[in-house]
Structures are given as structure tokens and as C-alpha cells.
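One rule links them: number in my numbering = place in the sequence shown (from 1) + 16.
A virtual CB, placed ideally from N, CA and C, is assigned to each residue, including glycine.
Below you'll find the structure, written out as C-alpha cells, and then a few comments.
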Amino acid sequence: MQGRERNEADEKADFRRQRDRSSEVEQGGGSLWARAVLGRGMGRDLSTHVYRSTASTHASRRGLGLSAIVLTCVNLLLASVAQAQQPAPAAAPSVTIPNFWNPRARGERVDAPQTGRAVRFMTDDEFPPLHFAGPDGAPTGFSVELARAVCERLAISCTVQARRFDTLLDALNDKQGDVVAAAMPLTPALRARFLATRPYFRWPARFAVRNGGSLPVPSAAALADRSVGAVEGSAHEAYLKAFFPKAVRKTFPDLTTAEGALKRGEVEYLFADGLNLALWFNGQDSEACCAFVGGDYLENRYFGEGIGFVTRTEDAALSRALDDALQRVWDDGKYAELYLRFFPVSPF
């Protein structure tokens, strides 16, 4: 990953601006997790910026939109509790569950260090479906339930505490918790200060098209002279320029506008963040207009390394144990069960 690392003060300022934009968008209510502008002020480090744009878009989906998605997640959670005695559901053929673990890299089992106290996980409760407040107010979501599953595999006691997202790393550094389980991007700047497990989730870029058409699966040749929408200044636009140079790019100021253009048929394809697109497909605003076409794009340079569990550098033994437990959670099917619970439409 290239580009200059931002210092800690700049990172905090970014988060403050991000939340300020979220508050402004909230006043308008509207769509499922109402979109903020993507990709503004992008420097050379595109992968860091695609996370920021995704987080800004995602965090800005407040008001009625946020209530709707939280209600959806809560309903899925309650349904899973009601079916707890039944076997885990099998994935439908059309659902892709990502696998970030190499079976050849599997080694001997790694146990968690025994400290005599619970391992304290910290998260944020405003980023569904990865982490949000459940029906009882307690943190839940894909990242949170994955953390609980990891604790079960390690046979250790764990707690989960919700904090503001922009305070998580400082709280970890100050030893107010032991592990961050949130949508924290794995960047060089983060790795310079902390340890992280291998990614358990990434931000795939995807193409979307209108349903009912016969457009070809995207490729450099297939998209020649085809209209493709993207958010202006985003990593997705940069990727289109680099790898689909003959496509007719049409840029939009934000993701909501770009999605609307696809829905109305003003562009043939839309290239954007897969998670946000999946949430749009599954919401009312899309009116079931559109779907993914082709595969996912995960190039680190553009779309980042994803997210993992973050620990302090002196807790290397704990980080290794978490990594091993994540592999076991994948192997025994728990990862797939949680993924299907929290991602009714897979972004992959």
C-alpha cells in the first residue's frame, strides 16, 4: 500500500468531520443509511480512502434509514435465537460466503494466554450489520458475534463494551480494553501502533446492473463503449480508469445519486462498494431494480486489506490465539452461520 501515512491528529480530525457530515445528512432522513459524499480529498493511498468513504457513507445512514436496517438486523437476530435448537441453515447456491483463511497455513492449536481475568472487547454500536445495539441495548452484529464465537473456541471469558468509534484505538492504547472488534481498517498507520489478526471481512468492489437485461459480464473488453457509473474521486473511479480504460465513465457526487442513475437506466453499470450496494438491494429504495453482475474486486491498493481484531503490540500471544480461533470458527461452520445471519444479501 502506497502513500503517506496520516498522523494521529489528522485521523481524529477525519473522524470528527465524518461524524459532522453524518449529523447534517441525518436531518434529511430518507434512504437506507443515507449516503454521504464518497471519495473527497483522496490522496495516493486509495485503499485507506475507500474505507473512509465506505465508513462515511455507512455511518451517515441515520434516522429512518438506520432504524430500518437495525430493525432488520434485530429481526434476523431474534429469528436465529428462536431456531437455536435447529441445525445451522445451509447457504443458498446464490449466496457467496467469503473465505479469508488458507487451510495450508493451519498449524498447531494456539491457546489464549491465561491472565486470570476476562478479555475485554471494545466495539461501536452504530455500524450495522457489523456492530450495532441489539434489542436489549447490548452490542451485537457480525463482528461482535464473531468475537463471542472466538472466545468460545478459546474457552476464555470475554466482555464486550460499546464506545464511540473514534475513541476505540485510544482506549485500547490506554488499556481500557484488550481487543477492538469493529470496522477498523488495517492500514500501515494502524499496524505501526498495534497488532491485528488476519482479515475476517473485506470491502469488495462490485458491478451492479438493472434486473432483466442482457448485459455482458464485466471485463475490459466487454465494457468498451459501455456506460459505467462511479462516485467522483473515489477509489472505484480510479480503478475503472486503470483497468477498464475503454469504458464510458459517468461520475456522480455521491452514491445515492449514482444508484438512482442506475435505477433509472441512465448508466448501464454501476461500480461501487459491495456492502453498500448489497444493503441498497435489500432495502425499499432500490425497489428490487438491480443486482450484482460478475465477481468481486479486492485489490489491496484500491480497496484495502479489510478488518481484523486489533490488539496492543505487547499482546502478541493473544493476537496469535485470536487468529487461530478465527480459523477454527471458519472450519467448523460458525463463520458461515453468522455471515448468513447478518448479511441477507452478500456483498461478495
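LYS266: first and last residue of the uninterrupted beta strand (DSSP E) it sits in: Counting from 1 along the sequence shown, the entry for residue 266 is found at position 250. Element bounds for LYS266: 264 to 268.
PRO129 versus LEU334 - alpha carbon distance: Taking the first residue of the sequence shown as 1, we reach residue 129 at position 113. Taking the first residue of the sequence shown as 1, we reach residue 334 at position 318. Taking the straight line from one Cα to the other gives about 6 Å.
Distance, THR175 Cα to PRO145 Cα: Within the sequence shown, numbered from 1, the residue matching residue 145 stands at position 129. Within the sequence shown, numbered from 1, the residue matching residue 175 stands at position 159. Each residue's Cα considered, the two are about 20 Å apart.
Residue interval of the alpha helix (DSSP H) (run including GLY276): Your numbering for residue 276 matches position 260 in the sequence shown. Segment 271 to 279, the alpha helix (DSSP H) holding GLY276.
Backbone CA spacing between SER159 and ARG222 [nearest angstrom]: Start at 1 with the first residue of the sequence shown, and residue 159 comes out as number 143. Start at 1 with the first residue of the sequence shown, and residue 222 comes out as number 206. In a straight line, the C-alpha of SER159 is about 22 Å away from that of ARG222.
Cβ distance (whole Å) where LEU271 is taken to contact VAL247 below 8 Å: The residue labelled residue 271 in the question sits at position 255 within the sequence shown. The residue labelled residue 247 in the question sits at position 231 within the sequence shown. Going by Cβ atoms, the distance from LEU271 to VAL247 rounds to 6 Å, so yes, they are a contact pair.
Supposed contact pair HIS252 and ALA294 - C-beta distance, whole angstroms, cut 8 Å: Here residue 294 refers to the residue found at position 278 when the sequence shown is read from its first residue. Here residue 252 refers to the residue found at position 236 when the sequence shown is read from its first residue. No, ALA294 and HIS252 are not in contact; Cβ-Cβ is about 15 Å, not under 8 Å.
Proximity winner among ARG357, PHE364, SER362, relative to GLU161 (alpha-carbon distances): Along the sequence shown, one-based indexing puts residue 161 at 145. Here the closest residue by C-alpha is ARG357.
PRO119 - DSSP class collapsed to helix/strand/coil: Here residue 119 is taken as the residue at index 103 of the sequence shown, counted from 1. In the structure shown, PRO119 sits in a helix (DSSP, three-state: H, G or I).
Alpha-carbon spacing of THR203 relative to ARG336, whole angstroms: Against the sequence shown, residue 203 aligns to sequence position 187. Against the sequence shown, residue 336 aligns to sequence position 320. If you take the alpha carbons of THR203 and ARG336, they lie about 19 Å apart.
Bridge partners - THR327, DSSP secondary structure assignment: Here residue 327 is taken as the residue at index 311 of the sequence shown, counted from 1. Paired residues: LEU211.
The stretch 209 to 219 in contact with the stretch 315 to 331 per 3-pair CB rule at 8 Å: yes
Candidates LEU206, ASP348, ARG164: closest to ASN189 by CA position: To locate residue 189, count along the sequence shown from 1; it is residue 173. The residue with the shortest Cα to Cα distance from ASN189 is LEU206.
For VAL195, the residue or residues it bridges with in DSSP: For the purposes of this step, residue 195 is taken as the residue at position 179 of the sequence shown. Answer by DSSP bridge pairing, in chain order: PHE137.
Three-state class that DSSP yields for VAL283 in the structure shown: Looking up residue 283 in the sequence shown gives position 267. Three-state DSSP puts VAL283 in coil, outside helix and strand.
Candidates SER243, ASP152, ALA163, ALA236: closest to VAL195 by CA position: Translated into positions along the sequence shown, residue 195 becomes position 179. Looking at the Cα atoms, ALA163 is the closest of the given residues.
Simplified DSSP state of GLN177, which is helix, strand or coil: The count along the sequence shown starts at 1 and reaches residue 177 at position 161. In the structure shown, GLN177 sits in a strand (DSSP, three-state: E or B).
Cutoff 8 Å: LEU188 Cβ touching any chain C Cβ: The question asks about chain C, but that chain is absent: this structure has only one protein chain.
Cβ-Cβ separation, CYS306 to ALA238 (assumed contact under 8 Å), whole Å: For this step, residue 238 is matched to residue 222 along the sequence shown. For this step, residue 306 is matched to residue 290 along the sequence shown. Actually they do not touch by this definition, with Cβ atoms about 18 Å apart.
Identified DSSP bridge partners for GLY157: Stepping through the sequence shown from its first residue, residue 157 is reached at position 141. GLY157 is not bridged to any residue.
Cβ shell of VAL283 (< 6 Å), same chain only, five flanking positions each side left out: Locating residue 283 in the sequence shown gives position 267, counting from the first residue. Within the same chain, VAL283 has close Cβ partners SER243, GLY245, LYS266, ALA277.
Cutoff 6 Å; reference ALA199; Cβ partners in own chain excluding five residues on either side: Here residue 199 refers to the residue found at position 183 of the sequence shown. Correct list, in chain order: PHE143, LEU146, ILE323.
Coarse secondary structure for ALA221, derived from DSSP in three states: Your numbering for residue 221 matches position 205 in the sequence shown. DSSP places ALA221 in strand when its eight states are reduced to three.
Cβ-Cβ distance between ALA341 and LEU170 below 8 Å: For the purposes of this step, residue 341 is identified with residue 325 of the sequence shown, where counting begins at 1. For the purposes of this step, residue 170 is identified with residue 154 of the sequence shown, where counting begins at 1. Going by C-beta atoms, ALA341 is nearer than 8 Å to LEU170.
Pick from GLY157, ASP348, TYR255 that is closest to TYR318, judged by C-alpha positions: Reading the sequence shown from its first residue, position 302 is the one you call residue 318. Cα-wise, what sits closest to TYR318 is TYR255.
Buried or exposed (CB count within 10 angstroms, at least 16 for buried), PRO261: The residue given as residue 261 occupies position 245 in the sequence shown. So PRO261 counts as exposed.
Under 8 Å between C-beta atoms of ALA197 and PHE137: What you label residue 197 is simply residue 181 of the sequence shown in a count that begins at 1. What you label residue 137 is simply residue 121 of the sequence shown in a count that begins at 1. Yes, the Cβ-Cβ distance between ALA197 and PHE137 is below 8 Å.
Residue from LEU286, GLU315, ASN316, GLY290 with nearest C-alpha to ALA263: Against the sequence shown, residue 263 aligns to sequence position 247. Checked all of LEU286, GLU315, ASN316, GLY290; the closest Cα to ALA263 is LEU286.
Close Cβ partners of TRP346 (< 6 Å) along its chain, the five nearest in sequence each way excluded: On the sequence shown, position 330 is the one that residue 346 refers to. Same-chain partners within the cutoff: TRP117.
ASP241 classed as buried or exposed, judged by whether at least 16 other C-beta atoms fall within 10 angstroms: In the sequence shown, the residue the question calls residue 241 occupies position 225. The residue in question, ASP241, is exposed, as its Cβ has fewer than 16 Cβ neighbours within 10 Å.
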